[in-house]
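**Q** Could you have a look at this structure, given as structure tokens, before my questions?
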Amino acid sequence: MGKSKKRSVQRAASNEDLTNRVALITGSTSEGMGRSTALLLAQRGADIVLNYGTNPRGPDSLRSYALERAATTDGQAEEAARKVEAAIRDMGRRVILVKADTKDESQVADMVAQAEEELGKVDILVNNAMGQWVMRDYTKIPHEHWKEVLAAGIDGPFLMMKHTVPGMRKRKWGRVIHLGLSGVMRIDNMGGAHDYCLAKAARNWMTTSFGWQEHKHGITVNCIEPWMTDRMTLAGALKAAKGGTSWHKRTSACAHDAAETIAFLCSEAGRFVTGSIIRLV
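Position 201 (the sequence shown) corresponds to 188 in our numbering; numbering is contiguous.
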């Protein structure tokens, strides 16, 4: 390899390196984008705070319909979470696993305090945790369900930022990434998931508003808008995070595609990207 090409590769690797960073990813232990993001950020060098507990999925959720699965029990959720924790520890990273409902401010405060005590800080926040997507005529949505979904989709990211951003401001460095939804402002509201879409649309507003406010503190705030990304097995997500190529063989975006975009935004290369809503198709 020529000297100039070698220097170019080294610069690219340096821009991607997240060594000495600590990332907290909400909703990061099931089959989707949160888990893939946690694995990829760990592979890039970050220590990780894993979280679950905001949304125990019920039997009427879209995810359960699509995968023909029953509701996830607490035991199943913890077992899945422990496997992700072990995988990250095997990478040589520090990792803690916290069961916390991001709709509850006291639980959020305790989780952030634990992260700061055990890992020293939180540099990167990925707001992935969300409520249930249920396709239903809006006149038939129970009020409690409506409030639950909006709390998970709006209150959760707000509370997470409220308790992590002050530390980022002090250190003059931070990354906040919200997980949104592609096409969320379509007039037909996806055909029925009205509360879910409203909550995701609010994340767009938070991204635009808070992104400009925080840039002077060295903090970027962005939103990823995926559509229905293909889920991955833990083995598949690990292989993709470690540079495997099997995930390339797809015709639609998978969880790892979202993780790659998030990793870029977390890197030094992404330091001037803020207030942006990035759509994945």
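Glycine included, each C-beta is placed from N, C-alpha and C at the ideal position.
Between Trp214, Gly161, Asp244, Thr238, which lies nearest to Lys203 when the distance is taken from Cα to Cα?
**A** Shortest Cα-Cα distance from Lys203 to any of Trp214, Gly161, Asp244, Thr238 involves Gly161.
**Q** Determine the contact status of Ile265 and Thr238, defining contact as a CB-CB distance below 9 angstroms.
**A** no
**Q** Three-state secondary structure (DSSP) at Gly118?
**A** Coil at Gly118, not helix or strand.
**Q** Assuming Val71 contacts Leu112 under a Cβ cut-off of 8 angstroms, what Cβ separation, rounded to an integer in Å, is found between them?
**A** Going by Cβ atoms, the distance from Val71 to Leu112 rounds to 18 angstroms, so no, they are not a contact pair.
**Q** Please state whether the Cβ-Cβ distance between Trp192 and Thr261 is less than 9 angstroms.
**A** no
**Q** Alpha carbon to alpha carbon, what distance is there between Phe259 and Thr41?
**A** Each residue's Cα considered, the two are about 31 angstroms apart.
**Q** On the criterion of 16 or more Cβ atoms from any shown chain inside 10 Å, does Thr6 qualify as buried, or is it exposed?
**A** Exposed, since its Cβ has fewer than 16 Cβ neighbours within 10 Å.
**Q** Near Ser48, which residues of its chain fall below 7 angstroms by C-beta distance, leaving aside the five closest residues on each side in sequence?
**A** Its pLDDT being 47, under 50, Ser48 is placed unreliably in this model, and the value from its coordinates should be taken loosely. If we look at Ser48 and ignore the five residues flanking it on each side, its Cβ neighbours are Gln119, Trp120, Val121.
**Q** Spatial neighbours of Asp142 within its chain, please: C-beta separation below 6 angstroms, excluding the five flanking residues on both sides.
**A** The beta carbon of Asp142 is closer than 6 angstroms to those of Lys90 in its chain, skipping five residues each way along the sequence.
**Q** Can you check DSSP and say which residues form a bridge with Leu166?
**A** Answer is Ile211, bridged to Leu166.
**Q** What residue ranges within the segment 71 to 118 form continuous beta strand (DSSP E) runs of no fewer than 3 residues, ordered along the chain?
**A** 82 to 86, 111 to 114
**Q** If distances are taken between C-alpha atoms only, which option among Trp214, Ala228, Val95, Val208 comes closest to His243?
**A** Ala228
**Q** Is the beta carbon of Leu37 within less than 8 angstroms of some heavy atom of the ligand MN?
**A** Annotation note on the ligand MN: not contained in the displayed structure, which lists no ligands.
**Q** Thinking just about the alpha-carbon of each residue, which of Ala240, Met117, Gly257, Ala250 is nearest to the one in Gly32?
**A** Minimum Cα distance to Gly32 is reached at Ala250.
**Q** Would you decide whether Tyr39 is buried or exposed? Buried here means 16 or more other CB atoms lie within 10 Å of its CB.
**A** buried
**Q** As a quick exercise: from Asp124, Cys184, Ile83, Ala67, pick the residue whose alpha carbon is nearest that of Met117.
**A** Cys184
**Q** Straight-line CA distance for Asp4 to Arg123?
**A** 44 angstroms
**Q** Please report the straight-line C-alpha distance between Ser254 and Leu28, rounded to a whole angstrom.
**A** Between the C-alpha atoms of Ser254 and Leu28 there is a straight-line separation of about 10 angstroms.
**Q** In or out: Ala189 buried (at least 16 other Cβ within 10 Å) or exposed?
**A** buried
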